[in-house]
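**Q**
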Amino acid sequence: MREPSLVIRGLAHTFHRGTPSENAALVDVDLELEPGAFVVVLGSNGSGKSTLLNAIAGSLRPEAGTIQIDGTDVTRWSEPRRAQLIARVFQDPFAGTAGDMSVAENLAIAAKRGSPRWFRRALNRARREELFGKVRTLGLGLEDRLQTPMGLLSGGQRQALTLLMALIVRPSLLMLDEHTAALDPRSREQVLRLTQSFVNAERLTAIMVTHSLPQAVRVGDRIVIMHRGRIAYDLRGSQRRRLRVEDLLDRFEELRRSDMLDEDTAGLLRRSYV
Amino acid sequence: MNLLLGALTVGLQLALLSLGVLFSFRILRSLDLTTDGAFTTGGAVTGALLVAGVHPLFATIGGGIAGTLAGTVTGLIHTRWRIDVILAGILVTTALYSIDLWIMGSGNLSLAGHPTVFDMTASLLPDRDNMEGVELSRDLVALVALLVIVGLHALSLALFVGTDLGLALRATGSSPRMAKASAIDTGLATTFGLAIANGCIGFSGALFVQYQGFANIQMGVGMIVTGLASVILGEALFSQRTIRRRIMAAIMGAMVFRLMVAAAVRAGLDPNALRLVTAAFVLAALTVPQVIRSLRSQAAARVPRA
Numbered sequence: 001m002r003e004p005s006l007v008i009r010g011l012a013h014t015f016h017r018g019t020p021s022e023n024a025a026l027v028d029v030d031l032e033l034e035p036g037a038f039v040v041v042l043g044s045n046g047s048g049k050s051t052l053l054n055a056i057a058g059s060l061r062p063e064a065g066t067i068q069i070d071g072t073d074v075t076r077w078s079e080p081r082r083a084q085l086i087a088r089v090f091q092d093p094f095a096g097t098a099g100d101m102s103v104a105e106n107l108a109i110a111a112k113r114g115s116p117r118w119f120r121r122a123l124n125r126a127r128r129e130e131l132f133g134k135v136r137t138l139g140l141g142l143e144d145r146l147q148t149p150m151g152l153l154s155g156g157q158r159q160a161l162t163l164l165m166a167l168i169v170r171p172s173l174l175m176l177d178e179h180t181a182a183l184d185p186r187s188r189e190q191v192l193r194l195t196q197s198f199v200n201a202e203r204l205t206a207i208m209v210t211h212s213l214p215q216a217v218r219v220g221d222r223i224v225i226m227h228r229g230r231i232a233y234d235l236r237g238s239q240r241r242r243l244r245v246e247d248l249l250d251r252f253e254e255l256r257r258s259d260m261l262d263e264d265t266a267g268l269l270r271r272s273y274v
Numbered sequence: 275m276n277l278l279l280g281a282l283t284v285g286l287q288l289a290l291l292s293l294g295v296l297f298s299f300r301i302l303r304s305l306d307l308t309t310d311g312a313f314t315t316g317g318a319v320t321g322a323l324l325v326a327g328v329h330p331l332f333a334t335i336g337g338g339i340a341g342t343l344a345g346t347v348t349g350l351i352h353t354r355w356r357i358d359v360i361l362a363g364i365l366v367t368t369a370l371y372s373i374d375l376w377i378m379g380s381g382n383l384s385l386a387g388h389p390t391v392f393d394m395t396a397s398l399l400p401d402r403d404n405m406e407g408v409e410l411s412r413d414l415v416a417l418v419a420l421l422v423i424v425g426l427h428a429l430s431l432a433l434f435v436g437t438d439l440g441l442a443l444r445a446t447g448s449s450p451r452m453a454k455a456s457a458i459d460t461g462l463a464t465t466f467g468l469a470i471a472n473g474c475i476g477f478s479g480a481l482f483v484q485y486q487g488f489a490n491i492q493m494g495v496g497m498i499v500t501g502l503a504s505v506i507l508g509e510a511l512f513s514q515r516t517i518r519r520r521i522m523a524a525i526m527g528a529m530v531f532r533l534m535v536a537a538a539v540r541a542g543l544d545p546n547a548l549r550l551v552t553a554a555f556v557l558a559a560l561t562v563p564q565v566i567r568s569l570r571s572q573a574a575a576r577v578p579r580a
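Chains as they are written, first to last, in my numbering: chain S, 1 to 274; chain B, 275 to 580.
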C-alpha cells in the first residue's frame, strides 16, 4: 500500500486555557489521507475545522499531536516552510493574491513556491508565454490581462487565479478553506468547477472545508464531520457514494440532539456504552 | 538660477531618502522610524571616513552600508522578537545617537579641507579664470554627478523589484498571508527590505554631509517626515501604474518638494516654520482622501432616503 499523503495523530489544541472562555478546539484528532483523496470537512461554527486547517498549514502551533506530510514530520516546521508542500486557497478572495502586483507577478511568485528566490529576473518573455498558457486553462479570458494589477479584478477572478497559483507548483496537499463562500453564485459555481477539474486531472490530495451541504455531496470522495473538536463522522467508500444532502442533515440533527444532553449524562453514556 | 540649481541638487540627494521611505512605508507597509537614525549615521560614518583620509567613493559607500546595518537591526528586532516596527525603529534610532557621537567624536564634524565626491567631480572641470563661472559650473557638475548616481541607484532598484527576491519582498508588504502561503519567509523578507530601505537612506545622508561640508548629530531629525512628504507628493503628481513609475515618482517627488521649499522660503516663509508646514502637509495628504471618502459615502447613503 502507498504511503498516506497526510497523517495526523493525537492533534489537540485548547484556546484560552484556564480562563472562563476556555475552548477545546481540537480534541485528540486522528486523520489519514490516502494519496489522491479529496476530503470535504463539514462542521458548524466552532467545531474545530478551521483550527484543524490552521494546524496543518502551520499558522497555529497545536499543543499536542504530530503532523506528517508524505512521510515527513512537519509538526515543528514554520508556516512558510510547510508551504513548500501545502498550497492554500483562503475564504477571503483578497488574501490569496497581492492586490498591488500584476497578475503575472502574482503567478511568478507562486511558480517559485519551494525554490530559492534570488536576483533572477522573475518575468521574461518565455515565462510570460508559459503563464499565458496556464491562465488560459481557466477559460475566463484573464490571459489577456497578465499586466493588470490584481486589485482591479473581481473576487471570483482573483479566487480562480489563487487556485491556479496553488497548483502551478504541484503541492503534496491542497487546502481549500471555504474558498467559494465569499463569492457570488456564478463565480462560486465557476471556481468549484475549476477546483473539481484540477483536483481530478492532477490526482491531488485535497482537503476542502465548506458550509454548503450540496457542495459537500457533489465534490470529493470522503466527508469528515467535525463536532466539538472531534471527528464525529468519517464517511467514505460506499457509504459516501450513497450519501444525499438529507443524510447529512440527519447526521447534523443527531449531533444537535446529543448536544442537548448535558455534559454529565453524555459522560455517563460514554462510560457505559463506549 | 543658483537657487534652482541648489534646490535640485539637494532634491537629488534627498531622492535617495525618498526611495528608502517608498520602500519601507509603501512597499513593505512599515512605518520605519529608523529613517532619522540611518540618515545621521550614514552621514556620520561618511564624515568620519573622509576625515580619516578614506577615498570619497569608499566613504560614501561606507555611509550606505551603515544605513543597511541599522535597517537590518531594526528588522531583526521587529521580526525575531515581534516588537512593533515603530518601537523597533525608535529603539535603534535612540541607540544610534550615542554611536553617531562616538563615530564623529562630537556633535559636529567639519569636512573642511577633506576632499568629497563633489570635489572629485569638480576637479574634472578645466580651470577657468572667471571665479563666478567656476562656482556655477561646480554646482552644475555636482548636479550632473548626482543625476548619474541617483539614476544608477534607481535603475538598480527598478531591476531589483522585478527579480524573484524583489517580488517576494513586495508580496510580503502587499499580502503577508499570500506571501507565507507561497513559502516566503516574511520575517526574513521584511528584514531584508528594511536593510535596503535604510541603505538608501544612509546613502542619502552620506551625500548630504559631503554637499553641506559637515556632519551634525541633529541632521536626521524629522527626515522620516521629509521622506513621506516627498513620496506623497510624487504619488499625487506622477503616474503610479507600475512599480517602476512609482520609483520614478518618488524621485521626482523629492525634487518637487525641495523646489517648493526653496520657493516658499524665497517668498518669505519663516524657515523655522518649514517643519511645521511639512508635517501639516503630510497630515493633510494622509487624512484628506479619507475625509473625502467618508463624505462621499455619507452622501451616497443619503440618496436612497430622498
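Ideal Cβ placement from N, Cα and C applies to all residues, glycine included.
As the structure is a prediction and not an experimental result, all values here were calculated from the model.
Would S/Thr-97 count as contacting chain B if we go by Cβ distances under 8 Å?
**A** Numbered from 1 along the first sequence, position 97 holds the residue referred to as residue 97 of chain S. Yes - at least one Cβ of chain B is within 8 Å of the one on S/Thr-97.
**Q** Please list the terminal residues of the continuous alpha helix (DSSP H) segment that includes S/Gln-196.
**A** Here residue 196 of chain S is taken as the residue at index 196 of the first sequence, counted from 1. Per DSSP, S/Gln-196 belongs to the alpha helix (DSSP H) from 185-202.
**Q** Return the residue from the list S/Asp-184, S/Val-217 and S/Thr-66 that minimises the CA-CA distance to S/Glu-246.
**A** Numbered from its first residue, the first sequence carries residue 246 of chain S at position 246. Checked all of S/Asp-184, S/Val-217 and S/Thr-66; the closest Cα to S/Glu-246 is S/Val-217.
**Q** Under 7 Å between beta-carbons, which chain S residues line up against B/Ile-423? List them in chain order, please.
**A** By one-based count along the second sequence, residue 423 of chain B stands at place 149. Neighbours of B/Ile-423 on chain S: none; closest Cβ ~21 Å, over 7 Å.
**Q** First and last residue of the alpha helix (DSSP H) that includes S/Gln-68?
**A** In the first sequence, residue 68 of chain S corresponds to position 68, counting from 1. Not the alpha helix (DSSP H): S/Gln-68 falls in the beta strand (DSSP E), residues 64-69.
**Q** Of the choices S/Thr-195, S/Ser-78, S/Asp-73 and S/Asp-184, whose alpha-carbon is the least far from that of S/Asn-54?
**A** As a first step, residue 54 of chain S must be located in the first sequence, where it is residue number 54. Among S/Thr-195, S/Ser-78, S/Asp-73 and S/Asp-184, the Cα nearest to that of S/Asn-54 is on S/Ser-78.
**Q** Any C-beta of chain B sitting closer than 8 Å to the C-beta of S/Met-101?
**A** Within the first sequence, the letter at position 101 stands for residue 101 of chain S. Chain B contact via Cβ: present.
**Q** Give the straight-line distance between the Cα atoms of B/Asn-472 and B/Thr-348, rounded to the nearest whole angstrom.
**A** In the second sequence, residue 472 of chain B corresponds to position 198, counting from 1. In the second sequence, residue 348 of chain B corresponds to position 74, counting from 1. One C-alpha to the other measures close to 10 Å.
**Q** Counting only Cβ pairs nearer than 9 Å, list the residues of chain B close to S/Lys-112.
**A** Here residue 112 of chain S is taken as the residue at index 112 of the first sequence, counted from 1. Neighbours of S/Lys-112 on chain B, chain order: Asp-438, Leu-441, Ala-442, Ser-456, Ala-457 and Ile-458.
**Q** Can you list, in chain order, the stretches of the beta strand (DSSP E) that have 3 or more residues and sit fully within the segment 458-532 of chain B?
**A** Segments of the beta strand (DSSP E) lying fully in the segment 458-532 of chain B: 488-490.
**Q** Using the rule of at least 16 other Cβ atoms within 10 Å of the residue's Cβ for burial, across every protein chain shown, is B/Arg-451 buried or exposed?
**A** Walking along the second sequence from the start, residue 451 of chain B turns up at place 177. Looking at its Cβ environment, which holds 16 or more other Cβ atoms inside 10 Å, B/Arg-451 is buried.
**Q** Comparing the C-beta of B/Arg-356 with each C-beta of chain S, is any distance below 8 Å?
**A** Taking the second sequence and counting its residues from 1, one reaches residue 356 of chain B at position 82. So no, B/Arg-356 is outside the interface.
**Q** Taking Cβ-Cβ distances shorter than 7 Å, what residues in chain S pair up with B/Arg-451?
**A** Here residue 451 of chain B corresponds to residue number 177 of the second sequence, with the count starting at 1. Per Cβ cutoff of 7 Å: Phe-90 and Ala-95.
**Q** Measure the Cβ-Cβ separation of B/Thr-342 and B/Ala-480 and say whether it is below 8 Å.
**A** The residue labelled residue 342 of chain B in the question sits at position 68 within the second sequence. The residue labelled residue 480 of chain B in the question sits at position 206 within the second sequence. Going by C-beta atoms, B/Thr-342 is not nearer than 8 Å to B/Ala-480.
**Q** So, is the C-beta of S/Arg-76 closer than 8 Å to a C-beta in chain B?
**A** Translated into positions along the first sequence, residue 76 of chain S becomes position 76. Answer no: the Cβ-Cβ gap between S/Arg-76 and chain B never drops below 8 Å.
**Q** Can you find the residues in the same chain that come closer than 8 Å, C-beta to C-beta, to B/Met-378, ignoring five residues on each side of it along the sequence?
**A** Locating residue 378 of chain B in the second sequence gives position 104, counting from the first residue. Closer than 8 Å at the Cβ level, and outside the excluded window around B/Met-378, lie Ala-318, Gly-321, Ala-322, Ala-489 and Ile-491.
**Q** If you check the beta carbons only, do B/Ser-478 and B/Leu-361 fall under 8 Å apart?
**A** Working through the second sequence from its first residue, we reach residue 478 of chain B at position 204. Working through the second sequence from its first residue, we reach residue 361 of chain B at position 87. Contact flag unset, no.
**Q** Under the assumption that B/Gln-484 contacts B/Val-359 (Cβ atoms under 8 Å), give the Cβ distance between them as a whole number of angstroms.
**A** Locating residue 484 of chain B in the second sequence gives position 210, where the first residue counts as 1. Locating residue 359 of chain B in the second sequence gives position 85, where the first residue counts as 1. The Cβ separation is near 30 Å, so there is no contact.
**Q** If I follow the unbroken alpha helix (DSSP H) through B/Ser-384, where does it start and stop?
**A** For the purposes of this step, residue 384 of chain B is taken as the residue at position 110 of the second sequence. Segment 382-384 is the beta strand (DSSP E) holding B/Ser-384; no alpha helix (DSSP H) there.
**Q** With a 10 Å radius around its C-beta and 16 neighbouring C-beta atoms as the bar for buried, classify B/Asp-310 as buried or exposed.
**A** Numbered from 1 along the second sequence, position 36 holds the residue referred to as residue 310 of chain B. With 16 or more other Cβ atoms within 10 Å, it is buried.
**Q** Taking the straight line between their C-alpha atoms, what separation do you get for B/Leu-307 and B/Asp-374?
**A** Walking along the second sequence from the start, residue 307 of chain B turns up at place 33. Walking along the second sequence from the start, residue 374 of chain B turns up at place 100. The straight-line gap from Cα to Cα measures roughly 16 Å.
**Q** Please report whether the beta-carbon of S/Leu-123 lies at a distance below 8 Å from any beta-carbon of chain B.
**A** On the first sequence, position 123 is the one that residue 123 of chain S refers to. Taking Cβ atoms only, chain B reaches closer than 8 Å to S/Leu-123, which makes this a yes.
**Q** Give the secondary structure of S/Arg-236 by DSSP, where H, G and I count as helix, E and B as strand, and everything else as coil.
**A** Walking along the first sequence from the start, residue 236 of chain S turns up at place 236. In this structure, S/Arg-236 counts as strand in the three-state DSSP scheme.
**Q** Give a yes or no on whether 8 Å exceeds the smallest Cβ distance from S/Arg-3 to chain B.
**A** Counting from one through the first sequence, the residue named residue 3 of chain S turns up at place 3. Residue 3 of chain S is actually Glu in this sequence, not Arg. For S/Glu-3, the answer is no, since every Cβ of chain B falls outside 8 Å of its Cβ.
**Q** Check whether the Cβ atoms of S/Gln-190 and S/Gly-156 lie closer than 8 Å to each other.
**A** Mapped onto the first sequence, residue 190 of chain S falls at position 190. Mapped onto the first sequence, residue 156 of chain S falls at position 156. Contact flag set, yes.
**Q** Alpha carbon to alpha carbon, how far is B/Ala-281 from B/Gly-387? Give it in angstroms, no decimals.
**A** Translated into the one-based positions of the second sequence, residue 387 of chain B becomes position 113. Translated into the one-based positions of the second sequence, residue 281 of chain B becomes position 7. If I take the Cα positions, the gap works out to 25 Å.
**Q** Chain B beta carbons: is any one of them nearer than 8 Å to that of S/Leu-6?
**A** For this step, residue 6 of chain S is matched to residue 6 along the first sequence. S/Leu-6 does not count as touching chain B.
**Q** I'd like the list of long-range same chain contacts for S/Arg-158, defined as Cβ closer than 8 Å, with 5 residues on each side in sequence excluded.
**A** Taking the first sequence and counting its residues from 1, the one referred to as residue 158 of chain S is at position 158. Answer for S/Arg-158: Pro-93, Phe-94, Gly-96, Thr-97 and Met-150, listed in chain order.
**Q** What number of angstroms, rounded off, separates the C-alpha of B/Arg-519 from the C-alpha of S/Glu-3?
**A** The sequence position of residue 519 of chain B within the second sequence is 245, counting from 1. The sequence position of residue 3 of chain S within the first sequence is 3, counting from 1. Distance between the alpha carbons of B/Arg-519 and S/Glu-3 is about 51 Å.
**Q** So which residues of chain B does S/Phe-119 contact, with C-beta pairs closer than 8 Å?
**A** Within the first sequence, residue 119 of chain S is the residue found at index 119, counting from 1. Neighbours of S/Phe-119 on chain B, chain order: Phe-434, Thr-437, Asp-438 and Leu-439.
**Q** Buried or exposed, going by whether 16 or more other CB atoms sit within 10 Å of the CB of B/Phe-466?
**A** Within the second sequence, residue 466 of chain B is the residue found at index 192, counting from 1. With 16 or more Cβ atoms within 10 Å of its Cβ, B/Phe-466 is classed as buried.
**Q** Within 10 angstroms of the Cβ of B/Arg-579, are there 16 or more other Cβ atoms? Answer buried if so, exposed if not.
**A** Reading the second sequence from its first residue, position 305 is the one you call residue 579 of chain B. Low confidence applies here, because B/Arg-579 scores a pLDDT of 49, under 50, leaving its location unreliable; read the following figure in that light. Exposed, since its Cβ has fewer than 16 Cβ neighbours within 10 Å.
**Q** What residues from chain S crowd round B/Ser-298, counting only those whose CB sits closer than 9 Å?
**A** Along the second sequence, one-based indexing puts residue 298 of chain B at 24. Result: empty, since nearest Cβ-Cβ is about 15 Å, beyond 9 Å.
**Q** I want to see whether chain S comes within less than 8 Å of B/Ala-469, judged by CB atoms only; does it?
**A** Position 195 of the second sequence, counted from the start, is the residue given in the question as residue 469 of chain B. Chain S contact via Cβ: absent.
**Q** Does DSSP put S/Glu-22 in a helix, in a strand, or in coil?
**A** Here residue 22 of chain S is taken as the residue at index 22 of the first sequence, counted from 1. In this structure, S/Glu-22 counts as coil in the three-state DSSP scheme.
**Q** In whole angstroms, what separates the C-alpha of S/Gly-43 from that of S/His-227?
**A** Within the first sequence, residue 43 of chain S is the residue found at index 43, counting from 1. Within the first sequence, residue 227 of chain S is the residue found at index 227, counting from 1. Their Cα atoms are separated by approximately 6 Å.
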